[in-house]
Structures are given as structure tokens and as C-alpha cells.
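So the structure is just underneath, and the comments pick up after that.
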Amino acid sequence: MRTPRRAALSRAATCSAGALVLLLSACTAGGGGSNGAQDAPSADQKVTLTVYSNFADRELGILNKALDGFHAAHPNITINSQGSQDDDKITQSIRGGNPPDVAISFSTDNIGQFCSSGAWQDLKPYIDRDKVDLTQIPKAVQDYTQYNGVRCAMPMLADVYGLYYNKDLFAAKGITAPPKTMSELLEDTKKLTELNPDGSIKVAGFIPQFGFYANHPQIWAPQFGAKWLDSNGKSDLASDPAWTAMFTFQKQLVDFYGWDKLQKFTAGLGQEYSPDHAFNKGQVAMMFDGEYRTAFLKSDAPNLNYDTAPSPVADDKSDLYGGGYTTGTIIGIPKGVKNAGAAWELIKYLSTDTNALVQLANGLGNVPSTKAALHSPDLKLPAQFNTFLKVFDNPNLANNPASPNGGAYLKTAEDLGSSWQSGQVKDLHAAFAQADKTIDDAKALGGN
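To convert, take the position in the sequence shown, counting from 1, and add 103; that gives the working numbering.
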């Protein structure tokens with residue numbers, strides 16, 4: 104699966120409403136079998152499927168090995184796997200009338216566009232015909248592969264977020280267990296933080312700064328039980344007290360350091376996906392991050408003594424502990440393809456076949472997206488990876504809602520958070536209310 108270098112958290116690859124209108128005008132419907140599902144080719148019918156994904160280099164090779172397994176079971180179906188194809192290239196190919204048979208996207212934020220525009224075909228006829236058991240997929244994952252009742256995608260592995268902590272730094276400060284509540288996180292942050300003689304930060308216990316590494320609103324929100332939408336589908340930042348609690352807590356962490364001091368410290372730290380990452384070098388004692396970080400640590404900091412745990416939760420939401428945020432790779436059939444029946448067979452294989460999912464998870468270092476694969480004895484992953492398997496299996500697993508205009512609302516929330524943390528925003532409730540209006544107005548312009 105994808106690594107975070109190309110993850111959904113970048114939020115950049117979204118299509119404009121105008122582009123989607125043009126895209127639809129270039130599409131033609133694929134052939135239909137029973138209930139609109141095109142039949143797979145017969146065993147003597149030769150078919151070539153083109154697959155677009157943004158995998159490259161080693162990761163593309165791992166995907167191709169899984170595709171070889173499909174070809175072995177379906178020798179009449181040849182796979183033409185093309186890597187380094189992002190969502191923009193997928194969209195352009197559909198708009199140009201030459202789409203791949205199967206599209207693999209790293210951004211769940213675009214599911215609202217893909218489903219509502221018809222750019223990706225509704226898979227329900229295939230799922231119903233083949234009696235695919237969607238209960239094998241966690242509800243949060245089911246949610247990010249459909250929009251407004253249209254399931255135009257299936258999942259292919261997942262990213263899951265939790266807490267990473269430096270065991271040596273914990274031991275040095277007499278901390279014997281990872282924090283389970285936000286009060287404990289704050290207390291441990293203060294104990295673990297070390298200053299230089301001039302008062303600058305030498306080691307940060309935990310960095311809350313929005314936009315720094317994996318600090319994004321959607322990753323924090325599940326730990327406070329914060330809801331993005333109210334019962335009418337409107338943005339709910341101002342009305343849901345969990346958002347106020349979340350932002351207030353983060354400001355406590357920022358104020359403990361001082362905004363200017365924190366900014367100066369983070370400006371000098373290594374990039375998120377480089378060997379100089381601050382956690383690798385012991386400059387940060389705790390952080391939120393995805394399961395993929397275990398693979399980076401194995402290659403970039405093999406001697407680091409660390410462990411993982413579920414992310415701490417709000418003090419009054421202890422029942423949420425053990426859950427967390429998830430996102431993942433999605434896979435679908437673009438509108439207008441000639442071999443939709445064969446494409447579905449491949450999608451079904453990559454999203455439900457236990458052996459294929461375990462092979463991909465072992466090779467790519469990501470969480471398999473079905474319960475059967477999640478509990479497979481053939482998973483061979485580091486001990487610290489077990490945390491993310493358990494979080495994925497927890498009923499409190501959560502994702503942010505799909506939107507017809509991609510992840511624009513996430514940027515609105517994060518920009519507000521940065522302004523609040525820096526002290527530019529004084530009236531948080533008023534700022535939330537304005538953000539709600541911005542989000543709802545943009546969503547209306549997005550056509551839904």
C-alpha cells in the first residue's frame with residue numbers, strides 16, 4: 104500500500120467541480136450483466152487489464168507480485184500495471200476517454216468526488232451479485248469507500264494512527280507506561296521536555312503544532328470524540344464541545360513551550376520522511392503517527408528503543424481509549440472501461456482475498472483491511488505493529504467524513520487551529536462559527 108509520502112494527509116490532489124463535469128461528459132457506461140454487473144470474461148477469452156496506481160520502485164514491485172497471484176488464478180487475464188499515477192492522472196485519463204480498467208488511489212478525501220460524479224462506477228451490483236460480506240470490513244473503512252449511499256470503491260489496506268514513545272527517555276524520567284488520557288499526556292510532556300542553558304528546547308516531550316509531522320485535526324478528533332457534522336450534515340465545529348476541548352488542550356501544550364520557542368525548535372528538525380526525523384534522533388519523546396512509521400524506524404533508526412500504544416483520549420472520554428483514526432488506499436472501476444467484469448474480479452481479489460491482503464501488508468508494512476486478514480497467523484510484522492492491528496479492530500476506529508469537494512474542510516480546520524495556537528485567534532467560538540460557514544458554503548458550491 105501507499106506510504107505517507109503520498110498519503111491522504113497531503114490533501115492536495117482534489118478535482119474542481121468543473122473538471123468533474125468535463126470528466127462526466129467524456130464517459131460512457133460499461134456493459135451490464137445481472138443487476139447491472141458486467142460478467143467476468145470466460146476462461147478462453149483473453150483480456151488485458153490496465154491498472155493505475157501511485158506505487159513506485161520497491162512498492163510497485165510488491166503490488167505486482169500480488170497481481171501475479173491474480174494472473175496465476177486467472178491466466179486469461181493479463182495485467183498491465185502502471186505506477187506513479189496519482190489522482191490527477193487518473194482523472195485526466197477518464198476525462199480523455201482512455202481510463203484504466205482499475206484505479207488505485209491513495210486519497211480517501213476524493214471518494215466524495217469519485218462517487219457523486221460517477222467518475223468511478225457504483226460497485227453495489229457486483230457486491231450484491233457475488234454476496235461480498237462487507238461486515239468483514241470495519242465500519243469506518245466502509246464509510247471512507249462510499250459517499251451518500253454510493254459505494255464506488257473497495258479498500259486495499261489501511262493506515263492506522265497511534266502513539267509512538269521513546270522507552271529510554273521514559274525510563275530516564277521514571278515514566279513506566281504510556282499516557283492514556285490527555286492529562287497524562289500533558290504531565291508526561293512536561294517531565295520529558297528538556298531545555299538548553301539558554302532556555303531553548305533541547306528535547307520536546309510532545310509537539311502539538313498543527314501541520315507538524317502527523318498533527319492534523321482528523322487524527323486528533325477521534326481521541327476527543329469530536330464530530331465533524333451535525334444531524335443535518337452541517338459543519339459542527341462551533342456546536343460540538345469536543346472541538347473546544349480539543350483546541351483548548353492543544354493550546355495548553357503550546358503555551359507550556361511558548362509559541363515562538365516551539366516554532367524555532369520545529370523549524371530546525373528533520374523532515375517527516377527523512378532519516379533525520381526528530382523521533383529518530385531522540386529530539387521528540389512522543390508523537391502521533393501511523394503504522395507505516397515502524398518501517399521507517401526499522402531502516403532509519405534500527406537501534407532506537409521505542410514502543411507504541413493507542414493514542415490518549417480526553418479525560419471524560421475514557422471509553423474511547425483503544426480506538427483511533429484510520430484512512431487507506433481505495434480501489435475502483437473508472438467510468439467508461441471496456442472490461443468492467445474482469446476489473447471487478449481483480450478488485451474483489453485485492454480487497455477481500457486474505458492471502459493477497461496478507462502478502463501486501465507484509466510487503467508494504469500497512470494494516471490489512473479485512474478482519475480475516477487482520478487475524479491471519481501469516482502476518483509477519485514488528486511487535487510494535489500489533490498496536491495498530493488492535494486499534495483497527497476496535498469499535499472506536501474512526502475516519503473523517505467524505506465531501507464532494509475533497510478535503511477542503513480539513514484545511515479550513517487546520518488553518519484555524521494554527522491561528523489559534525499562535526495566538527492570532529482570540530475568540531475560539533466565533534472562529535469555529537466562521538469556519539462552519541466557510542465549510543458549508545464550499546460544500547454547497549461542490550454540488551451537494
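Ideal Cβ positions, reconstructed from N, Cα and C, are used throughout, including at glycine.
Predicted model only: the values in this text are computed from it and were never measured.
Rounded separation between residue i and residue j - CA only
| i | j | result |
| --- | --- | --- |
| residue 176 | residue 444 | 16 angstroms |
| residue 278 | residue 206 | 47 angstroms |
| residue 299 | residue 374 | 22 angstroms |
| residue 362 | residue 331 | 27 angstroms |
| residue 528 | residue 494 | 34 angstroms |
| residue 369 | residue 303 | 11 angstroms |
| residue 219 | residue 253 | 8 angstroms |
| residue 93 | residue 301 | Given a span of 104 to 551 for the chain in the structure shown, any question on residue 93 remains unanswerable. |
| residue 456 | residue 189 | 25 angstroms |
| residue 498 | residue 157 | 30 angstroms |
| residue 335 | residue 237 | 26 angstroms |
| residue 483 | residue 468 | 9 angstroms |
| residue 173 | residue 328 | 40 angstroms |
| residue 216 | residue 306 | 42 angstroms |
| residue 270 | residue 297 | 16 angstroms |
| residue 179 | residue 167 | 17 angstroms |
| residue 210 | residue 317 | 15 angstroms |
| residue 458 | residue 480 | 11 angstroms |
| residue 496 | residue 460 | 16 angstroms |
| residue 185 | residue 148 | 23 angstroms |
| residue 400 | residue 163 | 21 angstroms |
| residue 357 | residue 195 | 43 angstroms |
Contact check, residue i vs residue j, beta carbons under 8 angstroms
| i | j | result |
| --- | --- | --- |
| residue 446 | residue 152 | yes |
| residue 214 | residue 248 | yes |
| residue 463 | residue 388 | no |
| residue 258 | residue 506 | no |
| residue 397 | residue 537 | no |
| residue 359 | residue 520 | no |
| residue 415 | residue 283 | yes |
| residue 228 | residue 139 | yes |
| residue 165 | residue 466 | yes |
| residue 212 | residue 255 | no |
| residue 288 | residue 315 | no |
| residue 392 | residue 267 | yes |
| residue 453 | residue 169 | yes |
| residue 193 | residue 250 | no |
| residue 286 | residue 191 | no |
Chain C contact for residue i (CB, 8 angstroms cutoff)
| i | result |
| --- | --- |
| residue 159 | Reference to chain C is not applicable here, since this structure consists of a single protein chain. |
Chain-order list of residues whose beta-carbon lies under 8 angstroms from that of residue i (same chain, five-residue window excluded)
| i | result |
| --- | --- |
| residue 501 | 243, 324, 325, 426, 427, 428, 429 |
| residue 532 | 341, 347 |
| residue 543 | 337, 338 |
| residue 451 | 229, 233, 235, 257 |
| residue 513 | 114, 212, 319, 320, 321, 503 |
Neighbourhood of residue i by C-beta distance below 7 angstroms, restricted to the same chain and skipping five residues each side
| i | result |
| --- | --- |
| residue 490 | 265, 411, 412, 413 |
| residue 372 | 381, 386 |
| residue 333 | 339, 342 |
| residue 492 | 470, 477 |
| residue 424 | 283, 413, 416 |
| residue 355 | 289 |
| residue 504 | 331, 332 |
Environment of residue i [buried if 16+ CB atoms lie within 10 Å]
| i | result |
| --- | --- |
| residue 161 | exposed |
| residue 405 | exposed |
| residue 312 | buried |
| residue 395 | buried |
| residue 281 | buried |
| residue 146 | exposed |
| residue 421 | exposed |
| residue 526 | exposed |
| residue 432 | buried |
| residue 201 | exposed |
| residue 540 | exposed |
| residue 70 | For residue 70 there is no data in the structure shown, the boundaries of the chain being 104 and 551. |
| residue 547 | exposed |
| residue 438 | buried |
| residue 509 | buried |
| residue 262 | buried |
| residue 141 | buried |
| residue 199 | exposed |
Cut-off 6 angstroms between Cβ atoms - residues of its own chain near residue i, not counting five sequence neighbours on either side
| i | result |
| --- | --- |
| residue 474 | 239 |
| residue 143 | 444, 445, 448 |
| residue 353 | 311 |
| residue 403 | 378, 383 |
| residue 112 | For residue 112, the pLDDT reaches just 39, beneath the cut-off of 50, and the residue's location in the model is therefore unreliable, leaving the point undetermined. |
| residue 204 | 152, 153, 440, 442, 446 |
| residue 187 | 159 |
| residue 511 | 545 |
| residue 208 | 190, 433 |
Heavy atom of the ligand NAD within 7 angstroms of residue i beta-carbon
| i | result |
| --- | --- |
| residue 185 | This structure does not include the ligand NAD; it has no bound ligands of any sort. |
- Message: Within 8 angstroms, do at least three Cβ pairs link the region 285-304 to the region 329-347?
- Response: In short, these stretches do not touch, since the Cβ pair count stays below three.
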